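Quick note on UniProt numbering: the sequence shown kicks off at 1 and runs consecutively.
Shown next, in C-alpha cells, is the structure this report addresses.
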Amino acid sequence: MKQQTGPIRRVPALLAASMTAVVVCGCEREHERKEPLSYPEKEAPASLYHANTEDGMTLEAETASSVKKGGPMPMSVTLTNGRSALVSVAILGGAGELGIAIEDSQGRVVPPVREQPSFIRGGSMRMDNLKLGESYHWQVDLGKSYRLEPGDYKVSMSAFIYEYTHEPLTSDTIPLSGVRLHVTE
Numbered sequence: 001m002k003q004q005t006g007p008i009r010r011v012p013a014l015l016a017a018s019m020t021a022v023v024v025c026g027c028e029r030e031h032e033r034k035e036p037l038s039y040p041e042k043e044a045p046a047s048l049y050h051a052n053t054e055d056g057m058t059l060e061a062e063t064a065s066s067v068k069k070g071g072p073m074p075m076s077v078t079l080t081n082g083r084s085a086l087v088s089v090a091i092l093g094g095a096g097e098l099g100i101a102i103e104d105s106q107g108r109v110v111p112p113v114r115e116q117p118s119f120i121r122g123g124s125m126r127m128d129n130l131k132l133g134e135s136y137h138w139q140v141d142l143g144k145s146y147r148l149e150p151g152d153y154k155v156s157m158s159a160f161i162y163e164y165t166h167e168p169l170t171s172d173t174i175p176l177s178g179v180r181l182h183v184t185e
C-alpha cells in the first residue's frame, strides 16, 4: 500500500480552472460501500494506493497490477471528505473533475488518444456536496483515453474540490501519485 502526504495548495477557483485540464469520466457518487472492481479473467489482482492530507481528505485508487494491451484498464478512484467543513465536487457533463496524467518508465508523459475536455468551458455546472465522512466515486477505464504499449507506467491524479467557507470561493487539489500499471502483450 502506497501512502503520500503533504500540504494542499489553496488557490482561487478561477486560477485553478485556467491552469488545469481534466478528464471527465463516467462516475457515480457514493455514500455506501462500493462494489469491488471486476477485471477480465486471468488479470492480476488489484493494487490499492492512497494519499491522506493533513486536514483529513483522502484520495484512493484501485487498479489491476497488470493489464493487457488494448484491453480495458479499469481504475476505481474514491475521494473522501475528512474535514469538518462541507466540500464540493463540481459536476461537469455528468462527471466530477479528476485530472489524470500517465508517464512511461522513462518519465515521458503519455498523451491521451483523444482530446480531453478543457476545464474552462461555457455552460453551467452543478456542485455535489460532501459532508464529513462522505465520498465521491469515479469508475475510470484508462483504455478509453490512452493507448499504452507493453511496459511499466506511473499514473498520477488530482481530484478538484471547492470550499464555501472562505471568500472568495477557494479550490483545493487533492493529489495522488505513484500508481503503478504494468501493460502486457
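No residue lacks a Cβ here, since even glycine has one placed at the ideal position from N, Cα and C.
Nothing here was measured: the structure is a model prediction, and the numbers come from that model.
Query                                                                                           : Result
Enclosing beta strand (DSSP E) for Arg126 [first to last residue]                               : 126 to 130
Assigned secondary structure, Gly143 (DSSP; H/G/I helix, E/B strand, else coil)                 : helix
Helix, strand or coil at Gly107 according to DSSP, with G and I counted as helix                : coil
Same chain, Cβ closer than 8 Å to Val109, five either side skipped, listed in chain order       : Ala101, Ile102, Glu103
Integer-rounded CB distance, given that Asn129 should sit under 8 Å from Ser171                 : About 14 Å separates the two Cβ atoms, so there is no contact after all.
Backbone CA spacing between Ile174 and Glu54 [nearest angstrom]                                 : 11 Å
Length of the line joining the Cα atoms of Ser105 and Pro111                                    : 14 Å
CA-to-CA distance, Ser84 to residue 192, given in whole angstroms                               : Since the first residue shown for the chain is 1 and the last is 185, residue 192 is missing from the structure and cannot be characterised.
Tyr153 versus Gly99: straight-line alpha-carbon distance, rounded                               : 16 Å
Own chain, CB closer than 6 Å to Ser156, minus 5 neighbours either side, in chain order         : Ala101, Ser177
Cβ-Cβ separation, Thr58 to Ser47 (assumed contact under 8 Å), whole Å                           : Rounded, the Cβ-Cβ distance is 17 Å, inconsistent with contact.
Of the residues Met75, Arg126, Lys69, the one placed nearest Ala90, counting alpha carbons only : Arg126
Where Pro74 falls: helix, strand or coil (DSSP)                                                 : strand
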